[in-house]
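All remarks here apply to the structure that follows.
2 protein chains.
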Amino acid sequence: MAKKRSAPGRSGLSIRVDLRSGLRIGPGKVALLEAIGQTGSISGAGRALGMSYKRAWDLVEELNRGCESPVVTASPGGRDGGGTSLTATGDALVRLYREIETASAAAARPHMRALTRMAAPINS
Amino acid sequence: MAKKRSAPGRSGLSIRVDLRSGLRIGPGKVALLEAIGQTGSISGAGRALGMSYKRAWDLVEELNRGCESPVVTASPGGRDGGGTSLTATGDALVRLYREIETASAAAARPHMRALTRMAAPINS
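Below you can see the structure in the form of structure tokens.
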């Protein structure tokens, strides 16, 4: 999902939020949380995003450390090794980031149009 | 200038603009253009930002290629090797980026407040 925004041929904003705790939240971490919510596992989310298992875990750990409470919770494993889901904190983080993104894009639209006119034609 | 935004202890947005030409404009390139405007040279701007000469030139080249016309112009060198200044395109790019940043920050403020409350205390 993060990749779509930076694909050539599209114009748009990419937003990174820096929090006082030092935590940085950008399109990659938010896409990972959304994929965890959808797949019910960190490894499944990593696969869906073409991200290594270690990379996915590292990002989740970074989010857990940077937030006042963890962003994901694991349910005890049964035959399938349990599942992972977003906590209320994880849910709120995704929602707030997407709201920031939407509000920013709307506010920036007239300036973006002007900036887009200054760009060289594609493949120039 | 770009560094201030990502320093620990501050919260805020960092914005990257992706243009259809493939050009990406973020705080680093914009700070470089501003420093060129202030110092009158690419090397001086690089020094002011703690950036190597090569890195500064590469970023300027990237901007020149990605815009419909160059962002800087060199005046023929005299004893001091001439000077470099921003073109109208360079000026407009800086202005529009800063407008996008300001508009986005204002639009995102209420959501940022909520997100900031979720962050872990500093140094946790």
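From first to last, the protein sequence lines are chains G and Z.
Heads up, the first sequence is in my numbering, so the first residue is 657 and it goes up one at a time.
Heads up, the second sequence is in my numbering, so the first residue is 657 and it goes up one at a time.
Cβ coordinates follow ideal geometry from the N, Cα and C atoms, glycine included.
Using a Cβ-Cβ cutoff of less than 7 Å, which residues in the same chain neighbour G/T695 once the five nearest sequence positions on both sides are dropped?
A701 and A704
Exposure label - Z/R769; buried when at least 16 CB within 10 Å:
exposed
Chain-order list of residues whose beta-carbon lies under 7 Å from that of Z/I692 (same chain, five-residue window excluded):
I698, A701, V728, T740 and L742
Report yes if the C-beta distance between G/G678 and G/G722 is below 8 Å; otherwise report no.
yes
Does chain Z have any CB closer than 8 Å to the CB of G/D714?
no
Exposed or buried, what is Z/Y709 when buried is set at 16 or more other beta-carbons lying within 10 Å of its beta-carbon?
exposed
Where G/I671 meets chain Z, residues with beta-carbon distance less than 9 Å:
L669, S670, I671, R672, S760 and A764
Which runs of the alpha helix (DSSP H) spanning at least 4 residues fall entirely within the region 695-757 of chain Z, listed in chain order?
698-704 and 709-722
Chain G residues whose Cβ lies nearer than 9 Å to that of Z/R703
Correct list: empty, because the minimum Cβ distance to chain G is about 26 Å.
Measuring only the C-alpha atoms, how far is Z/R672 from G/D674?
14 Å
For chain Z, is any of its Cβ atoms less than 8 Å away from the one on G/M707?
no
Look up Z/S760 in the DSSP assignment and say whether it is helix, strand or coil.
helix
So with CB distances below 9 Å, who are the chain Z contacts of G/S741?
Here the premise fails: no neighbours, minimum Cβ distance about 18 Å.
Residue-chain proximity (Z/E724, chain G), Cβ-Cβ < 8 Å
yes
If you draw a straight line from the alpha carbon of G/L688 to that of G/V716, how long is it in whole angstroms?
8 Å
List, in order along the chain, the chain G residues whose C-beta lies closer than 9 Å to that of Z/I756?
L669, S760, A763, A764, H767, M768 and L771
By how many angstroms is the C-alpha of Z/T758 removed from the C-alpha of G/A764?
9 Å
Measure the C-alpha to C-alpha separation of G/P766 and Z/E755 and round it to an integer number of angstroms.
10 Å
Rounded straight-line distance, which links the Cα of G/A730 to that of Z/L752:
45 Å
Using the Cβ count rule (16 or more neighbours within 10 Å means buried), how would you classify G/S760?
buried
Does the Cβ-Cβ distance between Z/M774 and G/E718 come in under 8 Å?
no
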